[in-house]
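Enquirer: The structure's right below; bear with me while I get my questions together.
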Amino acid sequence: MPLALLALAIGAFGIGTTEFVIMGLLPEVAGDFGVSIPTAGLLVTGYALGVMFGAPLMTVLGTKIPRKRMLMLLMGLFIAGNLLSALAPAFSVMLIGRVVASLAHGAFFGIGSVVAADLVAPDKRAGAISMMFTGLTVANVVGVPLGTFVGQSAGWRVTFGLVAALGVIGLLGIARLVPEVSGPQGAHLRHELAAFKNVQVLLAMVMTVLGFGGVFAAITYIAPMMTHVAGFSDGSVTWLLILFGLGMVGGNLVGGKFADRALVPLLYLSLGALAVVLALFTLTAHHKILAAVTIVLIGALGFATVPPLQKRVLDQAHGAPTLASAVNIGAFNLGNALSAWLGGLVISAGFGYTAPNWVGAVLAAGALVLAVVSAALERRGITGRSTGTTVIGAVPAEQPTTVHH
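Now the structure itself:
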């Protein structure tokens, strides 16, 4: 794997840390600014919305900019947003800083996925994508717990200052290690938008929403579930989330390895097993050891779907994959928001803290059904592009992406 992937992984590590570390620092932030915990929660919501809307927006704005330069600009935006958060004199200013940082998130992973895939041979594309996403998964094992500890010990502003420093390292790494990567010849916004006429691209995105939504239906409410149902102490939630992060790392790496060999079978296996494990979590959540094992499996199976789904979007979007890739990153956050809302509904309806697991199982099962439908359409040669039914394997209209060293 090229060393340039390390630079992309460092950027992903910083982005993953800033996205999730705020959840462990909400009490400190709320106390400093004199706002309620629900109000401080807007820092989480604002970031998620920024990713959803920022992914297509920043990608469209960057269609005329070389990909390496765009990645550097996005890291600059990420640094600025985290510095603004660290130095914010008021809560509203910190919220703005969070939104500014979030604007870089989707486009960075979207464009970064394209660049990572173009750095390697075609049969190693999913592996390269998973290497970049390893930075995101490792952030949940190292960056988030460490950032939470630093924030609780030295102040949350120090945490965001350190995250900004990570962004600087990522920026320098991209400038030094990532080669100049040009887009497809003649590529422009119209070509990028044309990818959304491909039913396979749309199916992959909905699978992303449902599959990853299944994961976060359970994980969003992991704290009350583990403390009230399994009987863990409040302090145990941190290491349970570390176990979840370790599962994410393993699943991501395994998914990247096997997606290049058998993408569709991997989706069948991971989504099917995820639906079963989430359903079983309603039972295993009552036993400490079984609950811990289940949490690892949810992280592993959930993130085993990330490289194959991202690769499928890239493959099906052909010569103009950048916007589709970025929007698929936004789909992950849409899945998070949708599942958190649905999970909250069933808890509010009185079904208990384990009820979101059933929601997650249904969402994952829905993603599995779409995977079967997608494969059936592919066997029939149906893509749904603007030119009508297309035979699989047809030569795309645009020239392939080139890498200039």
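Note that our numbering has the sequence shown beginning at -18, numbered continuously upward.
Note that beta-carbon positions come from the ideal geometry of N, C-alpha and C, so glycine has one too.
Out of 248, 320, 39, state which residue places its alpha-carbon closest to the alpha-carbon of residue 56.
Expert: For residue 56, the nearest C-alpha among the options comes from 39.
Enquirer: On the premise that residue 67 lies in contact with residue 138, defined as a C-beta separation below 8 Å, what is that separation, rounded to the nearest angstrom?
Expert: 5 Å
Enquirer: Closest to residue 249 by CA distance: which of 352, 94, 303, 308 is it?
Expert: 352
Enquirer: Could you check which residue in 309, 303, 9, 319 has the C-alpha nearest to that of residue 133?
Expert: 9
Enquirer: Rounded to a whole number of angstroms, what is the C-alpha to C-alpha distance between residue 74 and residue 224?
Expert: 34 Å
Enquirer: Please list, in chain order, all residues of the same chain as residue 128 whose beta carbon is under 6 Å from its beta carbon, the five residues on each side excluded.
Expert: -2, 2, 140
Enquirer: Would you kindly check if the distance between the Cβ of residue 311 and the Cβ of residue 33 is under 7 Å?
Expert: yes
Enquirer: Pick helix, strand or coil for residue 343, following the three-state DSSP scheme.
Expert: helix
Enquirer: Using a 10 Å radius around the Cβ and a threshold of 16 neighbouring Cβ atoms, would you call residue -4 buried or exposed?
Expert: buried
Enquirer: Return the residue from the list 207, 146, 16, 263 that minimises the CA-CA distance to residue 343.
Expert: Checking every option, the nearest Cα to that of residue 343 belongs to 263.
Enquirer: Following the continuous alpha helix (DSSP H) through residue 387, name the residue where it begins and the one where it ends.
Expert: Outside the displayed range of the chain (-18 to 386) lies residue 387, so it cannot be described from this structure.
Enquirer: For residue 354, does the count of other Cβ atoms within 10 angstroms reach 16, so buried, or fall short, so exposed?
Expert: By the 10 Å Cβ count, residue 354 comes out exposed.
Enquirer: Output yes or no for whether 7 Å exceeds the beta carbon distance between residue 77 and residue 94.
Expert: no
Enquirer: Should residue 15 go down as buried or exposed, given a rule of 16 or more other Cβ atoms within 10 Å for buried?
Expert: By the 10 Å Cβ count, residue 15 comes out exposed.
Enquirer: Does residue 138 come out as helix, strand or coil in the three-state DSSP assignment?
Expert: Three-state DSSP puts residue 138 in a helix.
Enquirer: In or out: residue 195 buried (at least 16 other Cβ within 10 Å) or exposed?
Expert: buried
Enquirer: Looking at the structure shown, is residue 209 part of a helix, part of a strand, or coil, going by DSSP?
Expert: Residue 209 falls in the helix class under three-state DSSP.
Enquirer: Roughly how many angstroms lie between the CA atoms of residue 359 and residue 285, to the nearest whole one?
Expert: 22 Å
Enquirer: Starting from residue 86 and walking both ways along the alpha helix (DSSP H), at which residues does that stretch end?
Expert: 72 to 99
Enquirer: To the nearest angstrom, how far is the alpha carbon of residue 179 from that of residue 54?
Expert: 30 Å
Enquirer: What would DSSP say about residue 241, mapped onto helix, strand or coil?
Expert: coil
Enquirer: Rounded to a whole number of angstroms, what is the C-alpha to C-alpha distance between residue 62 and residue 337?
Expert: 33 Å
Enquirer: Name the residue from 241, 251, 258, 318 whose alpha carbon lies nearest to the alpha carbon of residue 102.
Expert: 241
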